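Report on one structure; see the data block that follows.
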Amino acid sequence: MNIQFKKGVLNLCVLVLLDKQDRYGYELVQKISDQISISEGSVYPLLRRLTKEGYFTTYLQESTEGPPRKYYKLTDLGRTYLHEQLNEWKSFTDGVNNLIEEGVNND
1 MNIQFKKGVL
11 NLCVLVLLDK
21 QDRYGYELVQ
31 KISDQISISE
41 GSVYPLLRRL
51 TKEGYFTTYL
61 QESTEGPPRK
71 YYKLTDLGRT
81 YLHEQLNEWK
91 SFTDGVNNLI
101 EEGVNND
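Oh and the sequence shown: position 32 is 32 in UniProt numbering, straight run, nothing missing.
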């Protein structure tokens, strides 16, 4: 898949997953990787940036499988941002799909 496609949608994927429940970084990587081929290193800088911007808070939780894990929790600001991103995504994909349909139907 085109790397630019993935970069553009990764932000939204992380926000959507954290809207359902708090998750730790590697869990997010695994969940996204189930659907889209991504590198682990692409998620952590995004998590740091979105946390710094106030969209997530973090907390440590003990793990039975090693050291404590850093969990990410969507804030109210993050939830507002998620809904803005979802609206933009829908508008964007509707426009792209319309162009594709026009192009395919004109063949």
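We put the beta carbon where it would ideally sit given N, CA and C, even for glycine. Remember, predicted model here, so these are calculated numbers, not experimental data.
What residue does the beta strand (DSSP E) around residue i start on, and which one ends it?
i   : result
E62 : F56 to S63
G66 : G66 to L74
Give every residue of the same chain whose Cβ lies closer than 6 Å to the Cβ of residue i, excluding the five residues on either side of it in the sequence, and list them in chain order.
i   : result
D76 : none
K31 : L17
Roughly how many whole angstroms lie between the Cα atoms of residue i and residue j?
i    : j   : result
N105 : Y44 : 42 Å
L46  : S63 : 23 Å
Q21  : S33 : 17 Å
L82  : E88 : 10 Å
N98  : G25 : 36 Å
F56  : V29 : 16 Å
V36  : Q85 : As written in the sequence, residue 36 is Ile, which differs from the Val given in the question. Using only the alpha carbons, I get a separation of about 19 Å.
Cutting at 7 Å between CB atoms, please list the residues of its own chain near residue i, excluding the five before and the five after it.
i   : result
Q61 : P68, R69 and Y71
With residue i as the anchor, note down where its alpha helix (DSSP H) starts and where it stops.
i   : result
E27 : G25 to S33
Given 8 Å as the limit, is there contact between the segment 43 to 50 and the segment 9 to 27, that is, 3 or more CB pairs closer than that?
-> With the cut-off at 8 Å, the segment 43 to 50 and the segment 9 to 27 touch.
Touching or not, the segment 83 to 93 and the segment 67 to 74, by the rule of three or more beta carbon pairs under 8 Å?
-> Result no; under three Cβ-Cβ pairs closer than 8 Å.
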